[in-house]
Amino acid sequence: QVQLVESGGGLVQAGGSLRLSCAASRTRFSINAMGWYRQAPGKQRELVATITSGGSSNIADSVNGRITIPRDNAKNTVYLQMNSLKPEDTAVYSCYVNDVVRSDYWGQGTQVTVSS
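The numbering of the sequence shown is the numbering used here, which starts it at 6 and goes up by one.
Right, here's the structure in full:
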């Protein structure tokens, strides 16, 4: 079973930065896409950003220009660098992995809280 280990969440003031990381292990097949989704209280889960093994990224409009999503293919690790954070970025951020046989895996989630 694929294991995803997330780290880097926490409390930050508006305008600050956070870096999340997610390392995938016990992968049976090669990983295609990795990325992040988030879910705020009372809202549906939404895409933050994903990146393929080839480096193509898909970034939500709400965070475009404020985040980068670097990926280390050799380490099966994806990062989410978030800058200029806003209170509306407060959510549980979950790591997402899709492998080449189209199986999806999710991390346990890490809380990001942005205070005003």
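Even for Gly, the Cβ is constructed at its ideal location relative to N, Cα and C.
Which residue comes first and which comes last in the beta strand (DSSP E) that contains residue i?
{"i": "Asp109", "result": "Asp109 to Trp111"}
{"i": "Gln44", "result": "Ile36 to Gln44"}
{"i": "Gln8", "result": "Gln8 to Ser12"}
{"i": "Ala96", "result": "Ala96 to Asp104"}
{"i": "Val53", "result": "Glu51 to Thr57"}
In angstroms with no decimal places, state the Cα-to-Cα distance between residue i and residue j.
{"i": "Val117", "j": "Glu51", "result": "14 Å"}
{"i": "Lys91", "j": "Val17", "result": "9 Å"}
{"i": "Val106", "j": "Ser35", "result": "8 Å"}
{"i": "Ser67", "j": "Glu93", "result": "10 Å"}
{"i": "Ile64", "j": "Thr32", "result": "25 Å"}
{"i": "Gly13", "j": "Gly60", "result": "22 Å"}
{"i": "Asn81", "j": "Ala28", "result": "6 Å"}
Per the DSSP calculation, residue i is bridged to which residue(s)?
{"i": "Gly20", "result": "Answer is none; Gly20 lacks a bridge partner."}
{"i": "Gly15", "result": "Val117"}
{"i": "Gln86", "result": "Arg24 and Thr73"}
{"i": "Thr32", "result": "In the DSSP output, where bridge partners are listed per residue, Thr32 has none listed."}
{"i": "Ser62", "result": "Ile56"}
Considering only residues of the same chain and omitting the five flanking positions on each side of residue i, which have a CB-CB separation below 7 Å?
{"i": "Tyr110", "result": "Val7, Leu9 and Val102"}
Helix, strand or coil: how does DSSP classify residue i here?
{"i": "Asn78", "result": "helix"}
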